[in-house]
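Take 4 as the starting number for the sequence shown in the working numbering and just add one per residue.
Even for Gly, the Cβ is constructed at its ideal location relative to N, Cα and C.
See below for the structure under consideration.
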Amino acid sequence: MRVHRPDGNIPHVANDRKVPRANGTPAPAERRDAPAGAANETLSLAAMLVAVSMTFIDQTIVSIAAPHITDELGLSTSGIRWVVNAYLLSLAAFFALGGRLADLLGHRRVMFLGTLVFVIASALCGAVPNGDAAQTWLIVFRAVQGLGAALMFPAALAVVVMVFPVERRGRAPALFFGLSGALTAVGPILGGWLTTWTWRAVFWVNVPVAVIAVVLTLLARIPADGRRGTLDRRGAVLVAAGMGLSVLGLQQASAWGWGSAATWTCVIGGLLLLIVFVRLELRTAHPLITMRVFGDRAFVADIAVLFFAMMAFVPVFFFASVYAQVALGSSPNEAGLYLLVFFLGFGIASQLGGRILDRRGAKPALRLGSALGAVGFGLWAHRMTDLSPAAQWPYIVLAGAGIGLLLAPASTDAVHRAIGASYGEVTGITQTVRNYAASLGLAVLGTVLATVTTDRIVESLKDRGLSTATAREAAHSLTESLAGQGGAPPHGSGPSTLLPQEVLDAVRLDFAQGNRTVFYGMAAALAAAFICAHLHPGTRVTRTPPDAGTT
């Protein structure tokens, strides 16, 4: 139970093992946090960071290699999109299951399992054979990669929270999120470099990284943990199906259209399954997700801030990379360097956010970070049509700093609110929300980019004498080629390939206009996060419970 003090902090207090549940029944004994000094904190943090770096890098590295994969394997445009999206779809579907399994089977054990699944799937993605089966092969094993990541990440973050004392849990996860987030920007750079050798290397690079992660984990002497309980299989199926269907609808909205019956069948059907899941969990003795955690106002505020922040944070990798390659004429490697400017602010601010969390709680960091992020993204968007990186970089740094300030405090404070020290379970919740928000942001902002860019290109082509029908056909072809193939120049046959070079040059500004609208949307998402940050009561957890069965 928690006792509120006048200073606003919420110290954990010791209870006996029969703490009443919300429904009046005694709570079962839970496991304790790992005793201080039981594991090497530095090696534990390094091991978990190396492990999850694979999952972050894979969110962006494949997009850079997409044109080469498409050309060599003869994939369709929709096929290469599925190669990218299958990973994110699987992540969203299985994060809650991964978090619960980590609590039941032990965080170290599930981290090893997730790493094994992830690296085997990575090797098989790199070994895809040429031929008709190539597309199906890649999509299937990309989905398996997502499953491995969904098992690995909740367990890894839970280890970081578990091995550090609560008074230093702000800075440790801040370093975890700051460096792992920065490694996402390594994806485009590493992908561009590896692709000059072979695109298959973007998958094979995970093998040595996984070996390093396993060795560091063994050296860290992370204690085996786990607790008694049963797995809610019905809940696992419902949440996976609900998240999978709704994210599928969002991902395919740009291809099927927002007016398509298939799009809304998936989205609404998925949401209905999630409603059934929540109702089931409220009546289940050992649920997959303990819904009582949503009764904590601070937890709800953390989740809301993360939701809106992730609508900008994950999509920015894709949109900024493609903008750099198309509008600025950058190479894939140069596009990666463009993104590194964002992480210059992100990396520094994430450490400051951890210190604010330790000293003053999450609320100040959430408010300051979301405000800076909204201003940064807004000013970045305003300067995009200048087509000058030098004019943009101060605002890119500011946008990155805003996200960096709030990300670790919101995620860490949410994990602190775990009931019965169910760190894996709560991490599963936060990561499910984050991935769902990212999918929503990619779908909505992708539609905005396509619509605005297409309309602008149509006007440009009509001004140069093309008929409306020809201009619209060429505009659709250009937009799909530019946004769907990682910014590669249009190729193949069609109206867009017949346009003179000076017309294609004019498209750069049209594409910049479309991206400016997208980044204004990201600023609006951070503004919504700022409003949600004010809902946080300002309380904070200040001491680890002597008995893990109490919160």
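Report task. Grab me the residues of residue 533's own chain with a C-beta within less than 7 Å of its C-beta, minus the 5 sequence neighbours each way, in chain order. Result -> By one-based count along the sequence shown, residue 533 stands at place 530. Taken in chain order, the residues that qualify are 370, 373, 374 and 377.
Query raised in the report: By Cβ distance, which residues of its chain are closer than 6 Å to residue 421, with the 5 residues on each side in sequence left out?
Result: Stepping through the sequence shown from its first residue, residue 421 is reached at position 418. Cβ within range, chain order: 429.
Query raised in the report: Cα-Cα, which of 386, 408 and 530 is closest to residue 399?
Result: Position 396 of the sequence shown, counted from the start, is the residue given in the question as residue 399. If we check each option's Cα against that of residue 399, 386 comes out closest.
Query raised in the report: Curious, which full-length alpha helix (DSSP H) runs of at least 4 residues does the stretch 41-129 contain?
Result: 44-60, 64-76, 80-108 and 110-129
Query raised in the report: How many Å lie between residue 202 and residue 164 at the Cα?
Result: To locate residue 202, count along the sequence shown from 1; it is residue 199. To locate residue 164, count along the sequence shown from 1; it is residue 161. One C-alpha to the other measures close to 36 Å.
Query raised in the report: Between residue 152 and residue 94, which are expected to be in contact by the criterion C-beta below 8 Å, what is the C-beta distance as a whole number of angstroms?
Result: Here residue 152 refers to the residue found at position 149 of the sequence shown. Here residue 94 refers to the residue found at position 91 of the sequence shown. The pair is a contact, with the Cβ atoms about 6 Å apart (cut-off 8 Å).
Query raised in the report: Where do the N-terminal and C-terminal ends of the alpha helix (DSSP H) with residue 261 fall, by residue?
Result: Looking up residue 261 in the sequence shown gives position 258. From DSSP, residue 261 is part of no alpha helix (DSSP H); its letter is neither H nor E.
Requested in this report: From the DSSP output, in three-state form, read off residue 432 for me.
Outcome: Indexing the sequence shown from 1 puts residue 432 at position 429. Three-state DSSP puts residue 432 in a helix.
Report task. Let me know the secondary structure DSSP gives residue 543 once reduced to three states. Result -> The residue given as residue 543 occupies position 540 in the sequence shown. Strand, per DSSP.
Query raised in the report: Closest to residue 415 by CA distance: which of 432, 348, 405 and 404 is it?
Result: Reading the sequence shown from its first residue, position 412 is the one you call residue 415. When only C-alpha atoms are compared, the closest one is 432.
Requested in this report: Take residue 196 as the anchor and find which of 419, 317 and 338 has the nearest alpha-carbon.
Outcome: Numbered from its first residue, the sequence shown carries residue 196 at position 193. Ranking 419, 317 and 338 by Cα distance to residue 196 puts 338 first.
**Report entry** Sub-8 Å separation of residue 156 and residue 57 beta-carbons
**Finding:** Here the question's residue 156 lines up with position 153 in the sequence shown. Here the question's residue 57 lines up with position 54 in the sequence shown. Their beta carbons are not under 8 Å apart, which means residue 156 does not touch residue 57 by this criterion.
**Report entry** Buried versus exposed, by CB contacts within 10 Å (16 or more), residue 136
**Finding:** As a working mapping, residue 136 is identified with position 133 in the sequence shown. Counting Cβ neighbours within 10 Å, residue 136 comes out exposed, since fewer than 16 surround it.
Query raised in the report: With a cut-off of 8 Å, do at least 3 Cβ pairs link the stretch 245-261 to the stretch 206-213?
Result: no
Query raised in the report: Rounded to a whole number of angstroms, what is the C-alpha to C-alpha distance between residue 244 and residue 115?
Result: If you number the sequence shown from 1, residue 244 lands on position 241. If you number the sequence shown from 1, residue 115 lands on position 112. Roughly 25 Å between the two C-alpha positions.
Requested in this report: Under 6 Å Cβ to Cβ from residue 536, same chain only, skipping five residues before and after it: list those, please.
Outcome: Start at 1 with the first residue of the sequence shown, and residue 536 comes out as number 533. Within the same chain, residue 536 has close Cβ partners 308, 369, 370 and 373.
Query raised in the report: Going by Cα to Cα distance, which pick from 147, 139 and 178 is closest to residue 48?
Result: Indexing the sequence shown from 1 puts residue 48 at position 45. The option with the nearest alpha carbon to residue 48 is 178.
Query - Sequence-distant residues of the same chain with beta carbon closer than 6 Å to residue 40, five excluded per side - result: One-based indexing of the sequence shown puts residue 40 at position 37. Confidence at residue 40 is low in this model, with a pLDDT of 45, below 50, so the placement of that residue is unreliable and no value is reported for it.
Report task. Would you tell me roughly how many angstroms separate the C-alpha atoms of residue 393 and residue 404, rounded to the nearest one? Result -> The residue labelled residue 393 in the question sits at position 390 within the sequence shown. The residue labelled residue 404 in the question sits at position 401 within the sequence shown. Taking the straight line from one Cα to the other gives about 18 Å.
**Report entry** Under the three-state DSSP convention, the category residue 420 falls into
**Finding:** Against the sequence shown, residue 420 aligns to sequence position 417. Three-state result, residue 420: coil.
Query - Coarse secondary structure for residue 299, derived from DSSP in three states - result: Within the sequence shown, numbered from 1, the residue matching residue 299 stands at position 296. Here residue 299 sits in coil by DSSP.
Query - residue 289, enclosing alpha helix (DSSP H) - first and last residue - result: Position 286 of the sequence shown holds residue 289. Note, residue 289: premise wrong, no alpha helix (DSSP H); not H, not E.
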